[in-house]
Each structure stands twice: as structure tokens, then as C-alpha cells.
Amino acid sequence: MTENPIDVLDDLADQVAEEFEAYRQPDEFKDVSLVIDNNDPDQPTLIVHVDREDADTLADEIEDFLQERGARTQRERHSDTDVRVLATVG
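Residue numbers in the sequence shown follow the working numbering, run continuously in steps of one, and reach 666 at the last position.
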């Protein structure tokens, strides 16, 4: 039986949150934020938003981390300090 993509993305989000915990301090502005977009039930997407100086460097690390865990990724770059890594599975 195939695992539910939402469950897989939820697990990946937990792993990203743990691995990049230093960028997600609870009482500060978060350099890394996570959301699962499930507007398309056939292709839910984990969105990792990196909002900081030199966002590309951290986005590279996050993208590598996700790919090592089997996710397909692509990147949206809105500015030097605003990069989103989109991850899908399945």
C-alpha cells in the first residue's frame, strides 16, 4: 500500500524543522518557515520559505536535504532574501 503523500510531506516537514532548528527559534522572526499546500490533492507540496540575507545558500542546504530523502524539488526565487523550495513526493 502506498503511503499518503500528505503524511510523507508532514514527516519531511518535521525532519526539516529538526535539522534546521537553529533557523526556527520560537521567539524570533523565523528564517525558515514551513507549510504544506494541499490545494491539489493529487500533488500536495511542502513549501519551505527561506527569508534571510543570502537565502540561496540555506535554500541549497534545504534542497539537498529534501532530495536525499527522496523528494523532488524546485525553487522559486522572489528576491535575494526570499527563496522558496517546493518539494513533492510520490
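All C-beta atoms in this analysis are idealised placements derived from N, C-alpha and C, irrespective of residue type, glycine included.
- Counting along the chain, the unbroken alpha helix (DSSP H) around Gln643 starts and ends at 631-644.
- For Val592, there is no enclosing beta strand (DSSP E); the residue is found in the alpha helix (DSSP H) stretching over 581-595.
- In this structure, Val665 is the residue among Val665, Glu594, Asp632 with its C-alpha nearest to the C-alpha of Thr649.
- The C-alpha of Gln591 is placed about 9 Å away from the C-alpha of Leu642.
- The C-beta of Glu639 has 16 or more other C-beta atoms within 10 Å across all chains shown, which makes the residue buried.
- Contact annotation: the segment 650-662 does not touch the segment 596-611, with fewer than three C-beta pairs closer than 8 Å.
- Straight-line measurement puts the Cα of Ala647 at about 25 Å from the Cα of Glu629.
- Cβ neighbours of Arg651 within its own chain (closer than 6 Å, five residues either side excluded): Val661.
- Its chain contains Asp607, Thr657, Asp658 as the residues whose beta carbon lies nearer than 7 Å to that of Asp627, once the 5 sequence neighbours on both sides are disregarded; these appear in chain order.
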